[in-house]
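Engineer: Taking full-length UniProt numbering as reference, the numbering of the sequence shown is continuous, increasing by one, and the terminal residue is 105.
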Amino acid sequence: MDDTLKRLLDAEMKAETIAQEAEQAQERIIQSAMRDARTDDERFTARIPDLHRSFISKAEERAEQTVAELKRRYDERHVQLRESAEAREQEALEAAFALFLDARR
C-alpha cells in the first residue's frame, strides 16, 4: 500500500509539474501574442499618415482628371458655339439689314 501511495504521489507531482509548465507556456504564448498585437498596432498606427497621404494624392489625381475633362468639354463646346455663331453671322446681318430697310420704307 505504501508503494501504491508513493506512486500516486509521484504521479500527482508529475501532473502538477506538467500543469504548471502548461500554464507557464500558456502565459508565454499570451504575452507573445499581446506583444505581437501591440507591434502590429504600432506599425499600423505609424502607417496611417502614409495611407492618408496616399488617399489624398489619389483623390487629387482624380480631381485633376475630372477638371481636365470638364475643361476639354468646355473648350469643345466653346469652339462649337463660336463656329455656329460665325456660320450664322452673315444670315443675321442680312436679316438685320432687311429689317432696317423695311423700317425705312
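Using N, Cα and C, we set each Cβ at its ideal position, and we do this for glycine too.
For a test of the three-state rule: what should DSSP assign to M34, helix, strand or coil?
Structural biologist: Counted from its first residue, the sequence shown places residue 34 at position 34. In this structure, M34 counts as helix in the three-state DSSP scheme.
Engineer: Tell me the DSSP secondary structure of M1 in three-state form.
Structural biologist: To locate residue 1, count along the sequence shown from 1; it is residue 1. M1: coil per DSSP, three-state reduction.
Engineer: Out of curiosity, what's the CA-to-CA distance linking E83 and R104?
Structural biologist: Counting from 1 along the sequence shown, the entry for residue 83 is found at position 83. Counting from 1 along the sequence shown, the entry for residue 104 is found at position 104. C-alpha separation (whole angstroms): 32 angstroms.
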